[in-house]
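**Q** For the sequence shown, our numbering assigns the number 66 to the initial residue and increments by one for each residue that follows.
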Amino acid sequence: MKMPELYGVIGQPIAHSLSPLMHNTAFAASGCQAHFTAFAVDDLAAAIAGVRALGIAGVSVTLPHKTAVIKYLDWVAPEALEIAAVNTIVNREGRLCGYNTDVAGALNALTEKLDLAGKRVLILGAGGAARALVYGTVKAGAKVALTNRTPERGLQLAKEFGAEFVSAAAAAGFLPEVLVNTTSVGMLPQVDALPVPESFINSGMVVMDIVYNPLKTRLLEVAERNGALTVDGLEMFVGQGALQFELWTGEKAPVKKMREIVLEHLRENV
Ligand code: ATR
Numbered sequence: 066m067k068m069p070e071l072y073g074v075i076g077q078p079i080a081h082s083l084s085p086l087m088h089n090t091a092f093a094a095s096g097c098q099a100h101f102t103a104f105a106v107d108d109l110a111a112a113i114a115g116v117r118a119l120g121i122a123g124v125s126v127t128l129p130h131k132t133a134v135i136k137y138l139d140w141v142a143p144e145a146l147e148i149a150a151v152n153t154i155v156n157r158e159g160r161l162c163g164y165n166t167d168v169a170g171a172l173n174a175l176t177e178k179l180d181l182a183g184k185r186v187l188i189l190g191a192g193g194a195a196r197a198l199v200y201g202t203v204k205a206g207a208k209v210a211l212t213n214r215t216p217e218r219g220l221q222l223a224k225e226f227g228a229e230f231v232s233a234a235a236a237a238g239f240l241p242e243v244l245v246n247t248t249s250v251g252m253l254p255q256v257d258a259l260p261v262p263e264s265f266i267n268s269g270m271v272v273m274d275i276v277y278n279p280l281k282t283r284l285l286e287v288a289e290r291n292g293a294l295t296v297d298g299l300e301m302f303v304g305q306g307a308l309q310f311e312l313w314t315g316e317k318a319p320v321k322k323m324r325e326i327v328l329e330h331l332r333e334n335v
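Encoded structure:
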């Protein structure tokens with residue numbers, strides 16, 4: 066009898082991760098003999114040795130380990146190396162291969178709404194999620210600017226990927242057609258906070274928020290009210306998860322089911 070394959074997410078903290086729910090639903094829907102669990106990991110080196118020793122088939126990597134994990138892997142995809150972040154490990158007969166599906170997950174969510182080539186994109190924030198978005202939108206041929214509370218951090222990220230840094234005061238003057246919030250502004254419990262003034266948003270824009278608790282942030286509410294197209298935080302989360310599933314199983318992900326189960330959970334718990 067073939068034993069089910071084991072998958073898991075490693076991070077710290079990890080208790081509230083929705084990845085086990087999403088991936089177990091996907092495995093069940095696709096008839097895969099596999100189980101996905103969450104591991105709270107402090108000692109990353111030991112955890113990766115454990116993945117090898119136990120023959121864990123695939124790993125999702127989340128904060129704070131996405132960069133540090135690179136040095137423990139046998140091969141890393143060029144794109145993941147360029148942004149210095151791996152969120153997916155595939156165990157290929159003992160060879161641990163690292164990928165980044167955050168970039169494509171975010172980009173797919175945006176390109177469902179518009180073609181990014183030549184568009185003016187403003188990214189708010191300069192953390193890990195901003196890195197994926199700046200890298201991805203620059204690669205897609207957009208004109209990218211970013212702004213950040215701590216200017217030094219923003220400047221450095223902009224320089225690294227060939228984007229422009231703008232101060233918060235000058236951000237509206239960039240005349241963005243796409244606005245992406247990667248900061249935690251608007252996340253529970255500060256649900257009334259807006260990362261940009263309301264007057265910033267107009268009907269011609271696509272506005273994306275990577276925050277998914279709450280799913281409809283104040284930013285997205287305002288954007289909708291002003292006639293902008295919106296992309297919520299669930300799209301990126303499910304998008305990166307669907308690409309992980311495809312790397313692990315070689316099969317097309319049951320995206321609709323994955324989105325539904327996460328949405329159901331968020332409706333009940335947030
Ligand atoms: P992640 O890796 O998840 O993107 P992060 O590295 O903690 O998270 O980055 C969070 C981003 O949100 C940063 O750009 C941060 O700005 P700073 O670089 O100035 O810290 C931004 N951020 C967090 N809280 C904020 C707030 N209250 N106002 C404005 N920006 C905020």
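Virtual Cβ for every residue (Gly too), placed ideally from N, Cα, C.
If you drop the 5 nearest sequence neighbours on each side, which residues of the same chain put their C-beta closer than 7 Å to that of Arg160?
**A** Cβ within range, chain order: Asp139 and Trp140.
**Q** Within 10 angstroms of the Cβ of Lys67, are there 16 or more other Cβ atoms? Answer buried if so, exposed if not.
**A** Exposed, since its Cβ has fewer than 16 Cβ neighbours within 10 Å.
**Q** Buried or exposed for Thr295, going by 16 or more other Cβ atoms inside 10 Å?
**A** It is buried - the Cβ of Thr295 has at least 16 other Cβ atoms within 10 Å.
**Q** Rounded C-beta distance between Ala103 and Ile79? I'm assuming under 8 Å.
**A** With a Cβ gap of about 5 Å, Ala103 and Ile79 count as contacting.
**Q** Mapping the DSSP letters down to three states, classify Gly238 as helix, strand or coil.
**A** Three-state result, Gly238: helix.
**Q** Mind checking who Trp140 pairs with in its DSSP beta bridge?
**A** Partner(s): Cys162.
**Q** Just the Cα atoms here: how many angstroms apart are Gly114 and Gln77?
**A** Per the sequence shown, the amino acid found at residue 114 is Ala instead of Gly. Going from the Cα of Ala114 to the Cα of Gln77 covers about 18 Å.
**Q** What is the DSSP secondary structure of Asp274, counted as helix, strand or coil?
**A** Asp274: strand per DSSP, three-state reduction.
**Q** Which residues in the same chain as His130 place their Cβ atom closer than 7 Å to its Cβ, once the five residues preceding and following it in sequence are excluded?
**A** Result list for His130: Ile75, Gly76, Val106 and Leu109, in chain order.
**Q** Are Val327 and Val303 close, meaning C-beta to C-beta below 8 Å?
**A** Cβ atoms of Val327 and Val303: closer than 8 Å.
**Q** Our contact map puts Ile148 next to Asn165 with C-beta atoms below 8 Å; I'd like the distance itself, whole angstroms only.
**A** Confirmed, Cβ separation roughly 6 Å.
**Q** Measure the C-alpha to C-alpha separation of Leu285 and Ala133 and round it to an integer number of angstroms.
**A** So the two alpha carbons sit approximately 33 Å from each other.
**Q** Kindly examine ligand 1 and report whether one of its heavy atoms sits closer than 7 Å to the Cβ of Ala191.
**A** Checking the Cβ of Ala191 against ligand 1 gives yes.
**Q** Val203: which of Ala171, Thr282, Ala234 and Glu217 sits nearest, CA to CA?
**A** Of the listed residues, the one whose Cα sits closest to Val203 is Ala171.
**Q** Please confirm if the region 217 to 228 is in contact with the region 190 to 207, defined as three or more CB-CB distances below 8 Å between the two stretches.
**A** The region 217 to 228 vs the region 190 to 207: in contact.
**Q** Which residue comes first and which comes last in the beta strand (DSSP E) that contains Phe265?
**A** No beta strand (DSSP E) holds Phe265; DSSP gives it neither H nor E.
**Q** Under 7 Å from any heavy atom of ligand 1, does the C-beta of Ser249 make it?
**A** Ser249 Cβ: within cutoff of ligand 1.
**Q** In or out: Asn334 buried (at least 16 other Cβ within 10 Å) or exposed?
**A** Looking at its Cβ environment, which holds fewer than 16 other Cβ atoms inside 10 Å, Asn334 is exposed.
**Q** Look up Thr90 in the DSSP assignment and say whether it is helix, strand or coil.
**A** Residue state, collapsed to three classes: helix.
**Q** So does Ala194 have its beta carbon nearer than 7 Å to some heavy atom of ligand 1?
**A** Within the cutoff, so yes.
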